[in-house]
Structure formats: structure tokens, C-alpha cells
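S.K.: Residues in the sequence shown are numbered from 1 upward in steps of one, following my numbering.
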Amino acid sequence: MKPRGVLLAGNWKMNHGPAAARGFFEALPWSGKEGAIMRIYPSFLALPTALDAVKTGGKKIEIGAQNFHAEKSGAFTGEVSGPMLQEIGIRQVLLGHSERRQYFAETPPLILKKTVSALQQGFEVLLCIGETLDERNGGQTLSVLTHQLESTLADPTCAAAFGKTLHLAYEPVWAIGTGVTATPTQAQETHASLRGLISRTLGQDIANAVRILYGGSVTPANFAELLACPDIDGGLVGGASLKPDSFGALWSLI
Ligand code: PGA
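#1: Jot down the residue ranges of each uninterrupted beta strand (DSSP E) in the stretch 123-175, minimum 3 residues, whole runs only, in chain order.
#2: Based on Cα-Cα distance, which residue from L142, A50, Q148 lies nearest to S98?
#3: Going by other Cβ atoms of all chains shown within 10 Å of its Cβ, with 16 needed for buried, is P230 buried or exposed?
#4: Just to confirm, does V237 get its C-beta within under 6 Å of one of the non-hydrogen atoms of ligand 1?
#5: Is it right to say E87 is buried, meaning 16 or more other beta carbons lie within 10 angstroms of its own, or is it exposed?
#6: Could you tell me whether the Cβ atoms of V125 and L166 are closer together than 7 Å?
#7: Does the stretch 154-163 come close enough to the stretch 216-223 to have 3 or more Cβ pairs within less than 8 Å?
#8: Given a cut-off of 7 Å on the beta-carbon distance, is the pair C128 and G179 in contact?
#9: Taking all protein chains shown into account, decide if L94 is buried (16 or more other Cβ within 10 angstroms of its Cβ) or exposed.
#10: Is DSSP giving R4 helix, strand or coil here?
#11: With burial defined as no fewer than 16 other Cβ atoms inside 10 Å of the residue's Cβ, what is the status of R200: buried or exposed?
#12: Taking 6 Å as the cut-off, is the CB of S256 close to at least one heavy atom of ligand 1?
#13: Using a threshold of 7 Å, state whether the C-beta atoms of L7 and W251 are closer than that.
#14: Just reading off the alpha helix (DSSP H) that G89 is part of, what are its end residues?
#15: Apart from the five residues on each side of it in sequence, which residues of its chain come closer than 6 Å, Cβ to Cβ, to E71?
#16: CB-CB under 6 Å to S241, same chain, minus the five flanking residues each way: which ones, in chain order?
#17: Can you give me the start and stop residues for the alpha helix (DSSP H) that V210 sits inside?
#18: So, Q121 versus G64, is the Cβ gap smaller than 7 Å?
#19: Closest Cβ-Cβ distance between E124 and chain D: below 7 Å?
#20: Spatial neighbours of A46 within its chain, please: CB distance less than 8 Å, with the 5 preceding and 5 following residues excluded, ordered by chain position.
#21: With a 10 Å radius around its C-beta and 16 neighbouring C-beta atoms as the bar for buried, classify F76 as buried or exposed.
#22: Should G248 be counted as a contact of ligand 1 given a C-beta to heavy atom distance under 6 Å?
#23: Return helix, strand or coil for I232, following the three-state DSSP convention.
#24: Please confirm whether T146 and E131 have their CB atoms less than 7 Å apart.
#25: For ligand 1, any of its heavy atoms closer than 6 Å to the Cβ of N137?
#26: Any heavy atom of ligand 1 closer than 6 Å to the beta-carbon of G89?
Next comes the structure, spelled out in C-alpha cells:
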């Protein structure tokens, strides 16, 4: 078994309404695996159905939200708050996804605010970071990732949560939805550098406890060799999480 176990998380993005979500969970082959967690982040609208479907089906699958607003309530038209999510039984949130950064202008300070608020409200946070192709080609991968993480590492709430309720997903932007996956060597090298950064900032014990998931065109064809890398603790999967057979195939590789 891997030292930190394995987390297989599916990010459905803006796909699957309630009916499709129910169909997915009914069709998904699932069996318990020691040390492994399966989690899906459906759309807000499909959350209650997803929670009900996994409960009814007796499948121990965690259900998380793809986003939330840092304030607990108020005049924020179109937003969803932590207490609303908790009311229906959600305990996990995905934050900092590159699509939120790119299309919804989420900046490191905003993502930090959301992360701190989520942690203070008792959520478990999977925080996504990743560099663009230009940044990788320009040799800036580590400086970009460090910049994306530094305010989080410096924040006392986050620092205390790293490795407990705060974990990371490394998602190179050039690999998301493109069919181009980072090679196991590229991914392992980056994951090891991230763990080194956490170790230098917060200590080796915390660095050892933080799960770092890889995301970006993960499929049943490449997951096993990524997962074999010592610093890769699971996958954050977009496209291949939408169909029960491909997501089930990923689960069977753990
Ligand atoms: P992908 O998406 O697996 O479709 O590349 C990953 C993600 O955006 O989390």
C-alpha cells in the first residue's frame, strides 16, 4: 500500500445534471479497497442526488463541491456558501482549479481567502495548482507553483491544516483536457519538488502527510505508471471520470 493511501477524485466540471449523476453512480462498479478513497465533485445541482445515490447504493464514495463562496451568507448573487453545502452533507471542496483561475479570474489572494474560509468551516480542501505550457517551456514551472502556494504556506490556518484537511492536486494546465499527460518522470519530479517546498516551509512530517494528486488527461492507459511514482498519491480526473466504465477502470488499477 502507498504510504499516504490513494485518493481517486473525479471532477465532473459542468457535466452531468441530477439524472445523469444518478445513472453514473448506479452503473459504477465499486468495491472497498483498503487505504483508498474514491471521491466525485459533481455540479452543485447534482450534489443532493449524488449523496443520495451513493448512500442508497451502499457505495462509500465521498461527494465534494467544485467551488464555494468564502462568505457564509449575504448579497452575492449566484453563489453558494459553506453552510449551505454543509446543510446537505458536503464536507469536501475543490479550490484553485485552473479553469476557475482562467475563466473566473480567481487570483491567488481570492483562492487563499476561500481556502482559509473552507478550512475554518471544517471542510477538507483539495487545492489545485499548475503551470501553463509557456511557463513550463520557459523553465518557470517551480517558480510558478511556488508563487501559487506561497501565501497558502505562510497562512497559519492553512499551515496547520496541511496534511490533515488540506491536500494538493498538481495539474499542469497544458495537460488538462488535452490528451497530453505529463510523463511519470515529469510528474514525479514536480511532485517531489512540491513536497520538498512543503518540507522546507512546514517540516518533513507535514510534507510526508500531504497528499499530492496528479491531474491532467489521466486515463486507464496511463494511471498505473503515474500511481507507481513515490510522490503521486492519486489522481484528479476530468474527462475519464464522466463514464462509469472508465472511472471504474481507474479504480480497479489501485
Ligand atoms: P482532464 O481534467 O482529466 O479532463 O484532463 C482534469 C481536471 O481538470 O481536473
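Backbone N, C-alpha and C define an ideal beta-carbon position, used for all residues, glycine too.
M.R.: Put simply:
#1: Within the stretch 123-175, the complete beta strand (DSSP E) runs of at least 3 residues are 124-129, 166-170.
#2: Counting from one through the sequence shown, the residue named residue 98 turns up at place 98. Nearest C-alpha to S98: Q148.
#3: As a position in the sequence shown, residue 230 is number 230, starting the count at 1. Exposed, by the Cβ-count rule.
#4: Translated into positions along the sequence shown, residue 237 becomes position 237. Short note on V237: C-beta closer than 6 Å to some heavy atom of ligand 1.
#5: For the purposes of this step, residue 87 is identified with residue 87 of the sequence shown, where counting begins at 1. With fewer than 16 other Cβ atoms within 10 Å, it is exposed.
#6: Within the sequence shown, residue 125 is the residue found at index 125, counting from 1. Within the sequence shown, residue 166 is the residue found at index 166, counting from 1. Yes.
#7: The stretch 154-163 is not in contact with the stretch 216-223.
#8: One-based indexing of the sequence shown puts residue 128 at position 128. One-based indexing of the sequence shown puts residue 179 at position 179. Taking C-beta atoms as the reference points, C128 and G179 fail to come closer than 7 Å.
#9: On the sequence shown, residue 94 is found 94 positions in, with the first residue counted as 1. Buried.
#10: For the purposes of this step, residue 4 is identified with residue 4 of the sequence shown, where counting begins at 1. It is coil, neither helix nor strand.
#11: Here the question's residue 200 lines up with position 200 in the sequence shown. Under this definition R200 is an exposed residue.
#12: Because residue 256 is not part of the residues shown, which for the chain are 1 to 254, the question remains open.
#13: For the purposes of this step, residue 7 is identified with residue 7 of the sequence shown, where counting begins at 1. For the purposes of this step, residue 251 is identified with residue 251 of the sequence shown, where counting begins at 1. No; because the gap between Cβ atoms is not below 7 Å, this pair is not in contact.
#14: Along the sequence shown, one-based indexing puts residue 89 at 89. Counting along the chain, G89 falls outside any alpha helix (DSSP H), and DSSP gives it neither H nor E.
#15: Within the sequence shown, numbered from 1, the residue matching residue 71 stands at position 71. Correct list: empty, nothing qualifies.
#16: Indexing the sequence shown from 1 puts residue 241 at position 241. Counting only Cβ-Cβ distances below 6 Å, and skipping sequence neighbours, we find G10, F247.
#17: Position 210 of the sequence shown, counting from 1, holds the residue named residue 210. In the DSSP assignment, V210 falls outside any alpha helix (DSSP H), carrying neither H nor E.
#18: By 1-based counting over the sequence shown, the position of residue 121 is 121. By 1-based counting over the sequence shown, the position of residue 64 is 64. Contact flag unset, no.
#19: Annotation note: the requested chain D is absent from the structure, which comprises a single protein chain.
#20: Position 46 of the sequence shown, counted from the start, is the residue given in the question as residue 46. Closer than 8 Å at Cβ, skipping near neighbours: W12, H16, G17, P18, A20, A21.
#21: For the purposes of this step, residue 76 is identified with residue 76 of the sequence shown, where counting begins at 1. Exposed is the call here.
#22: Residue mapping note: residue 248 aligns to position 248 of the sequence shown, counting from 1. Residue side-chain check: G248 keeps its Cβ at 6 Å or more from all non-hydrogen atoms of ligand 1.
#23: Your numbering for residue 232 matches position 232 in the sequence shown. Coil at I232, not helix or strand.
#24: Walking along the sequence shown from the start, residue 146 turns up at place 146. Walking along the sequence shown from the start, residue 131 turns up at place 131. No, the pair does not count as a contact, with Cβ atoms beyond the cut-off.
#25: Reading the sequence shown from its first residue, position 137 is the one you call residue 137. No; taking the cut-off as 6 Å, the Cβ of N137 has no heavy atom of ligand 1 nearer than that.
#26: Indexing the sequence shown from 1 puts residue 89 at position 89. Flag unset: Cβ of G89 not near ligand 1.
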